[in-house]
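Below is one structure, written out as structure tokens; the observations come after it.
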């Protein structure tokens, strides 16, 4: 289960991307979560996925 609070979600996702996954798509597939929902939730707090850095910035 992933956090619903945007700031907690940001921390959770960036930690997973940094420590366990080479891409956002790989993380979403492995965790069976909607990448579009995560992106929308993090956009609410002005964060976007940067594929080059493999994190939300």
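Numbering (the working numbering), first residue to last: 1374 to 1430. We treat Cβ as the ideally placed atom computed from N, Cα and C, and that holds for glycine.
Beta carbon of residue i nearer than 8 Å to that of residue j
i, j, result
"residue 1368", "residue 1396", "Residue 1368 lies beyond the residue range present for the chain, which begins at 1374 and ends at 1430; the question has no answer from this structure."
Contact set for residue i: own chain, Cβ-Cβ below 7 Å, skip 5 residues either direction
i, result
"residue 1417", "1379"
"residue 1390", "1397, 1400, 1427, 1428"
"residue 1392", "none"
"residue 1408", "1397, 1398, 1401"
Neighbourhood of residue i by C-beta distance below 8 Å, restricted to the same chain and skipping five residues each side
i, result
"residue 1375", "1382, 1385, 1386, 1404, 1406, 1411"
"residue 1421", "1412, 1415, 1429, 1430"
"residue 1424", "1396, 1397"
Residue i, DSSP secondary structure in three states
i, result
"residue 1423", "strand"
Contacts around residue i, its chain only, beta-carbon distance under 6 Å, and the 5 residues preceding and following it disregarded
i, result
"residue 1394", "1400"
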